[in-house]
Every structure is written in C-alpha cells, then in structure tokens.
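Let me begin by presenting the structure, written as structure tokens, before commenting on it.
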C-alpha cells in the first residue's frame, strides 16, 4: 500500500508521426523517468509488466515526476506526449 490511488500512470506519445517514433519516444521517456526517480531517491526496479512502482507521496507527485521526465527527454507534455491514467473505476464501489 502507498498514497497513490491511481492504478497506472501511462504516457501516450500521440505526437509521434510513426509507430517507430512512438516506440522511441516511449523508450526515451522511460529512461528519463528512471533517472528522475533515482535522483529523487525512489526505487527504480520494474515490475512484471515493465513499469516502475515507487512509493510516491501522492497522485500529484506521480504526475509531476512523469511530466519532468517528458521534459527532460526533450518532449513537450500536451503536444508530443500526453498522460494516461487507469483509475480502476470498477474498484470504486
């Protein structure tokens, strides 16, 4: 358990012109995110599905570190790369 309520935080490289570009952007942001998490002292191990699972303080912090990683990878959030959220809404009730 941690303080994050959202099941998954994802990036969507919608600004990519080709599938190849989208894969490259995803890989670059992934490696950038690893560096950002490491710099902040968070665990950078990946789970079975290849995602990070650091013990972040809040949903907002999770979004902020991803946005920082997008920027550090050389992309613009909201133009090149978007955030995607899996809020697991079927688990609300």
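Numbering (our numbering), first residue to last: 897 to 989. All C-beta atoms in this analysis are idealised placements derived from N, C-alpha and C, irrespective of residue type, glycine included.
Looking at the structure shown, is residue i part of a helix, part of a strand, or coil, going by DSSP?
i: residue 923; result: helix
i: residue 918; result: helix
i: residue 977; result: strand
i: residue 932; result: helix
Go to residue i, then tell me how far its alpha helix (DSSP H) extends in each direction, as first and last residue.
i: residue 963; result: 955–968
Could you tell me whether the Cβ of residue i comes closer than 7 Å to any Cβ of chain B?
i: residue 915; result: Chain labels in this structure do not include chain B; a single protein chain is all it has.
Alpha carbon to alpha carbon, how far is residue j from residue i? Give it in angstroms, no decimals.
i: residue 957; j: residue 899; result: 10 Å
i: residue 941; j: residue 925; result: 16 Å
i: residue 951; j: residue 966; result: 20 Å
i: residue 937; j: residue 946; result: 19 Å
Taking residue i as part of the beta strand (DSSP E), name the residues at either end of that continuous run.
i: residue 948; result: First-last for residue 948: undefined, no H or E at that position.
i: residue 908; result: 904–908
With a cut-off of 8 Å on the beta carbons, I'd call residue i and residue j a contact; round off their distance for me.
i: residue 968; j: residue 932; result: 7 Å
i: residue 902; j: residue 955; result: 5 Å
When we look at the beta-carbon of residue i and count the other beta-carbons within 10 Å, is it buried (16 or more) or exposed?
i: residue 944; result: exposed
i: residue 929; result: buried
i: residue 851; result: In the structure as shown, the chain starts at 897 and stops at 989, and residue 851 therefore has no counterpart that could be examined.
i: residue 982; result: exposed
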